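Using the numbering used here, the first residue of the sequence shown is number 237, and each one after it goes up by one. Just so you know, even glycine gets a beta-carbon here, dropped at the ideal spot from N, CA and C. Note that this is a predicted model, so its numbers are computed, not measured. Contents: one structure, followed by commentary.
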Amino acid sequence: MRQLMRPPMRLPGTEPAVAAVAGVCLLLALLLGLTPVLTALTAHEGMTLVPSALGAPLALPSLRAVPLGSTGWPHLLCEDFAAAILVTVAALRMHRHLRRRPEAARLRRLLAGWTALIAAGGASGAWRGLVTARMVDAGPVGWLLYAATGAAFGALWGLTAGWLTGVAALCTPPAQASPACPALEDERP
């Protein structure tokens, strides 16, 4: 008797490289959410505070459970949403690369992981710029400038830290095609 079994369905984004890139982005957001890490970063690398003095968001978005200082809960939720944007855009960018070029060379895979954080940093920075524009009651031109500035500095942070996601994408094995299911083959008497 012939049994029909379907091969297991793969959900989008379950490739090892996509999971690695998303995991590194989540780890970066969690690390920047720790007050000692953020304090050490700003204390030892004072130049990182210059863009935030101009109104651009500081670093990549941080994921934290309680508000930092006197920022309040609305700002915390906006930062957490920006962290979700960061992880999602990076995973989608890496998934797109693997879908279009599944057998890409190692250098191209490294660059895909790197550009995933650049794109994700830009997208989350644009969101954070819009939040800042709302907080300062900027006009229409201000909204555009804050979003563009946030996207530019977010992409710059992605360019700086993107080697982490690039190495994570490079160190994962390529996704393997699911083996043919022997139950689906025709049984000849």
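- Beta-carbon to beta-carbon, A292 and G386 are separated by about 6 angstroms, close enough to satisfy the 8 angstroms threshold.
- The alpha carbon of L262 has as its nearest neighbour, out of I321, A362, T351, the alpha carbon of I321.
- In the structure shown, P409 falls within a coil segment according to DSSP collapsed to helix, strand and coil.
- According to the DSSP assignment, E315 belongs to the alpha helix (DSSP H) that extends over 309 to 336.
- Between R342 and L353, the alpha-carbon positions lie close to 17 angstroms from each other.
- Cβ-Cβ separation between A348 and A405: approximately 6 angstroms, consistent with a contact (criterion under 8 angstroms).
- At a Cβ-Cβ threshold of 9 angstroms, Y382 and A369 count as neighbours.
- The shortest C-alpha to C-alpha distance from L366 to any of W350, P338, A388, R345 is the one to A388.
- Taken through DSSP and simplified to helix, strand or coil, G357 comes out as helix.
- Nearest to A255 by alpha-carbon distance, out of V377, R335, M330, A397, is M330.
- Annotation: the continuous alpha helix (DSSP H) that includes G269 extends over 252 to 269.
- Going by beta carbons, W393 and A295 fall inside the 9 angstroms limit.
- In its chain, beyond the 5 residues on either side, no residue has a beta carbon closer than 7 angstroms to the beta carbon of P310.
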